[in-house]
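K.L.:
Dropping the structure in here first, questions after.
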Amino acid sequence: MAGSSDPRWHDGVVHVYDDSGMTDTIVTAAHRWTVSGAKVDIEVVRDQHDADVIVRKDDRRLLALCGRDCLGYSTSIGHPKSGHSEVLLRSNLGGDPRPLSVWVAAHELGHVLGLHHRNGHNCSVMSPRAFDTNCAPSLAATRPTPAELACVPAPADVDVAAGLYGGAAVTRDPRCK
Numbered sequence: 044m045a046g047s048s049d050p051r052w053h054d055g056v057v058h059v060y061d062d063s064g065m066t067d068t069i070v071t072a073a074h075r076w077t078v079s080g081a082k083v084d085i086e087v088v089r090d091q092h093d094a095d096v097i098v099r100k101d102d103r104r105l106l107a108l109c110g111r112d113c114l115g116y117s118t119s120i121g122h123p124k125s126g127h128s129e130v131l132l133r134s135n136l137g138g139d140p141r142p143l144s145v146w147v148a149a150h151e152l153g154h155v156l157g158l159h160h161r162n163g164h165n166c167s168v169m170s171p172r173a174f175d176t177n178c179a180p181s182l183a184a185t186r187p188t189p190a191e192l193a194c195v196p197a198p199a200d201v202d203v204a205a206g207l208y209g210g211a212a213v214t215r216d217p218r219c220k
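Counting from 44, one number per residue, gives the positions in the sequence shown under the working numbering.
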């Protein structure tokens, strides 16, 4: 993952095109960041020519880039010099949105915004592993509830994004510690 020296997107706006077939998942994850309180606006666009970031599913590339346990990968942390990047998602995250698929998409969109992995077990969507955090996503096979997405992104993640783009977390949910 490489980015430019300034990881910020102009005015915090990122245009994302879904080529993975997981549009509802991407829209949900993008919306969670957009309403988080950080001054970011992740917009899902209908035409890939209007996109800064294209989301794809490509299990073979994902395996080569980050191994068999990898669920997603962003080709850049923050705004790349070329202006365009990709997010790769594991194909088994497809179908209707689920808590895990939204968590992974939000994690990768965090990288797109310029956030790095957050080590430790404190609640963070930027944990390098979904289940190593105190607010791990549910494995439910149903659409995520608001309670299941309360920490997507976590206030600590929003604080980092707000440090880049301005704003402040709109909630400090006690479940997100």
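C-beta: ideal position from N, C-alpha, C; glycine also.
None of the values given here were measured: they were computed from a predicted structure.
Check whether the Cβ atoms of histidine 122 and proline 217 sit closer than 9 Å, and answer yes or no.
P.N.:
Not a contact, by the Cβ cut-off of 9 Å.
K.L.:
Looking at the unbroken alpha helix (DSSP H) that takes in leucine 152, where does it start and where does it end?
P.N.:
142-156
K.L.:
Here's a check: name, in chain order, each residue in its chain whose Cβ is nearer than 6 Å to the Cβ of valine 203, leaving out the five neighbours to either side.
P.N.:
Leu158
K.L.:
For leucine 182, I'd like the list of residues in its chain whose CB is within less than 7 Å of its CB, leaving aside the five on either flank, ordered along the chain.
P.N.:
Leu143
K.L.:
Where does the unbroken beta strand (DSSP E) through histidine 58 begin, and where does it stop?
P.N.:
56-61
K.L.:
Take isoleucine 97 and list the residues in its own chain whose beta-carbon comes closer than 7 Å to its own, dropping the five residues that flank it on each side.
P.N.:
Tyr60, Asp62, Gln91, Glu129
K.L.:
If you count every other CB in all the chains shown that lies within 10 Å of the CB of alanine 215, and 16 or more means buried, which is it?
P.N.:
Inspection of the sequence shows that residue 215 is occupied by arginine rather than by alanine. That one is exposed.
K.L.:
Looking at the secondary structure, which residues open and close the alpha helix (DSSP H) in which arginine 99 lies?
P.N.:
Premise fails: arginine 99 lies in the beta strand (DSSP E), 96-100, not in any alpha helix (DSSP H).
K.L.:
Going straight from the alpha carbon of arginine 133 to that of arginine 99, what length do you get?
P.N.:
Distance between the alpha carbons of arginine 133 and arginine 99: 9 Å.
K.L.:
Give, in chain order, every unbroken run of the alpha helix (DSSP H) that is at least 4 residues long and sits entirely within the stretch 70-140.
P.N.:
102-109
K.L.:
What distance in whole Å lies between the Cβ atoms of valine 168 and alanine 197, which are believed to be in contact at a cut-off of 8 Å?
P.N.:
6 Å
K.L.:
Identify whether glycine 46 lies in helix, strand or coil by the three-state DSSP scheme.
P.N.:
Note that glycine 46 has pLDDT 49, beneath the 50 cutoff, so the model's placement of it is unreliable and no number is given.
K.L.:
Here's the rule I'm using: 16 or more other beta-carbon atoms within 10 Å means buried, otherwise exposed. How should aspartate 95 be labelled?
P.N.:
buried
K.L.:
Measure the beta-carbon distance from serine 79 to alanine 212 and round it to whole angstroms, keeping in mind my assumption that it falls under 8 Å.
P.N.:
7 Å
K.L.:
Going by C-alpha to C-alpha distance, which of Leu108, Ile120, Ala107 sits closest to valine 57?
P.N.:
Ile120
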